[in-house]
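This is the structure:
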């Protein structure tokens, strides 16, 4: 195995995958998976609630285990990997960030909606003050033009972000759209450029390759596709594909396959596949973590979850507006009843 890293991969299953398991990760699960990923030479492992630090709540979903315990457990298991956290300003706070840094976290990924980079200034600056590697994470990037995306990316860079990510939260982007966005950022930023995909339209791997072709050097993966919606770019697949392209990630292919099969597969509640629900997320352009919330609302109001998700897409609902899911479901149920009369 060549240990040189031409592409830097961050494993997100222990954060993004929290959505898929209803935020029920245990300390033992995090320990075993983090150790396995570390042994496979994965350079960064993201650990936190699916909605980032401070996300455990009635609105976003209550965690089985306090996320700081999970972070501490992961830090204790790794020898070469660095533990990362996600923070969404307004959900996570600077005290959360300080506590995570004190536990040994090395990277902070500060996430905002694609048009709201200005709310990340304090958190990015504070992460730098704490000595953390800092990433600006522009979520729902399909909802902004390339020009607007560049404007927002420049803001994050100006606040001190070492890397700026184009984040396809809904899995809605097509490869040519990814390439256009990454190319523009690569031309105008000095920060590293990253890309985070979701697989709702079965394009996560293709979009990741398009991003790399356009100049992205940081990518995200979720082992066994353990992430919100249909999951993310599947880590073990990405390592294999890049190896065939003679692009070095430094990750041991056999070991990452074994972690996927032996440690992650057994904890999946259902296989990560493109179901009608996750497909409609990408089609509607809706935040991937809305999927389980929409299913719950659909059951409560006796309507099709797809109708909820498409209506949310029409209204351009974004992360942080999960309370609207029940409101939309109630409205659709009322309309259905009125038509039936």
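Residue numbers (the working numbering): 712 to 1052.
Idealized CB from N, CA, C, for every residue including glycine.
All values derive from a computational prediction rather than experimental measurement.
Burial state of residue i, where buried means 16 or more other Cβ atoms lie within 10 Å
i: residue 869; result: exposed
i: residue 788; result: buried
i: residue 1034; result: exposed
i: residue 806; result: exposed
i: residue 1025; result: exposed
i: residue 771; result: buried
i: residue 935; result: buried
i: residue 853; result: buried
i: residue 850; result: buried
i: residue 1038; result: exposed
i: residue 755; result: buried
i: residue 956; result: exposed
i: residue 813; result: exposed
i: residue 973; result: exposed
i: residue 966; result: buried
i: residue 931; result: buried
i: residue 1020; result: buried
i: residue 847; result: buried
i: residue 777; result: exposed
i: residue 707; result: The structure shown has nothing for residue 707, since the chain only spans 712 to 1052.
i: residue 746; result: buried
i: residue 715; result: exposed
i: residue 940; result: buried
i: residue 801; result: exposed
CA-to-CA distance, residue j to residue i, given in whole angstroms
i: residue 983; j: residue 723; result: 14 Å
i: residue 726; j: residue 896; result: 26 Å
i: residue 1044; j: residue 1017; result: 13 Å
i: residue 834; j: residue 1012; result: 39 Å
i: residue 991; j: residue 1022; result: 11 Å
i: residue 918; j: residue 953; result: 13 Å
i: residue 678; j: residue 781; result: With the chain running from 712 to 1052 in the structure shown, residue 678 is simply not present.
i: residue 713; j: residue 791; result: Below a pLDDT of 50, predicted positions are generally treated as unreliable, and residue 713, at 46, falls in that range; no measurement from the model is reported.
i: residue 786; j: residue 1007; result: 34 Å
i: residue 1053; j: residue 1051; result: No answer is possible for residue 1053: it lies beyond the span of the chain, which begins at 712 and ends at 1052.
i: residue 929; j: residue 938; result: 18 Å
i: residue 873; j: residue 769; result: 33 Å
i: residue 856; j: residue 757; result: 28 Å
i: residue 950; j: residue 717; result: 12 Å
i: residue 962; j: residue 924; result: 20 Å
i: residue 915; j: residue 900; result: 24 Å
i: residue 945; j: residue 971; result: 10 Å
i: residue 826; j: residue 741; result: 33 Å
i: residue 783; j: residue 943; result: 25 Å
i: residue 880; j: residue 997; result: 8 Å
i: residue 993; j: residue 1049; result: 30 Å
i: residue 926; j: residue 920; result: 10 Å
i: residue 898; j: residue 861; result: 10 Å
i: residue 876; j: residue 803; result: 19 Å
i: residue 843; j: residue 797; result: 12 Å
i: residue 958; j: residue 1015; result: 44 Å
i: residue 1009; j: residue 774; result: 23 Å
i: residue 947; j: residue 753; result: 11 Å
i: residue 845; j: residue 987; result: 36 Å
i: residue 818; j: residue 964; result: 24 Å
i: residue 858; j: residue 1036; result: 30 Å
i: residue 839; j: residue 832; result: 11 Å
For residue i, the residue or residues it bridges with in DSSP
i: residue 820; result: 797, 846
i: residue 756; result: 722, 794
i: residue 876; result: 848, 905
i: residue 1000; result: Note: residue 1000 sits in no beta bridge, so no partner.
i: residue 772; result: 768
Delimiting residues of the alpha helix (DSSP H) encompassing residue i
i: residue 918; result: 915-924
i: residue 952; result: 946-955
i: residue 730; result: 728-731
i: residue 894; result: 886-899
i: residue 749; result: 738-750
i: residue 993; result: 987-995
i: residue 1044; result: 1034-1051
i: residue 833; result: 832-840
i: residue 964; result: 964-969
i: residue 809; result: 805-813
i: residue 977; result: Segment: none, residue 977 is in no alpha helix (DSSP H) and carries neither H nor E.
i: residue 784; result: 778-788
i: residue 1020; result: 1016-1025
i: residue 859; result: 857-870
Host beta strand (DSSP E) of residue i (start-end)
i: residue 1099; result: The question about residue 1099 has no answer here: the residues shown for the chain are numbered 712 through 1052.
**Request:** Inspect the CB distances between the region 995-1005 and the region 723-742 and report whether three or more fall short of 8 Å.
**Result:** yes
*Give a yes or no on contact between the region 807-825 and the region 759-769, applying the rule of three or more CB pairs nearer than 8 Å.*
yes
Query raised in the report: At a cut of 8 Å, does the region 859-878 reach the region 963-981 through at least three beta carbon pairs?
Result: For the pair of segments examined, the region 859-878 was found not to touch the region 963-981: the number of CB pairs separated by less than 8 Å stays below three.
(message) Under 8 Å, with one C-beta from each stretch per pair, do the region 905-914 and the region 881-893 reach the 3-pair mark?
(response) Here the region 905-914 makes contact with the region 881-893; the two share three or more CB pairs at distances below 8 Å.
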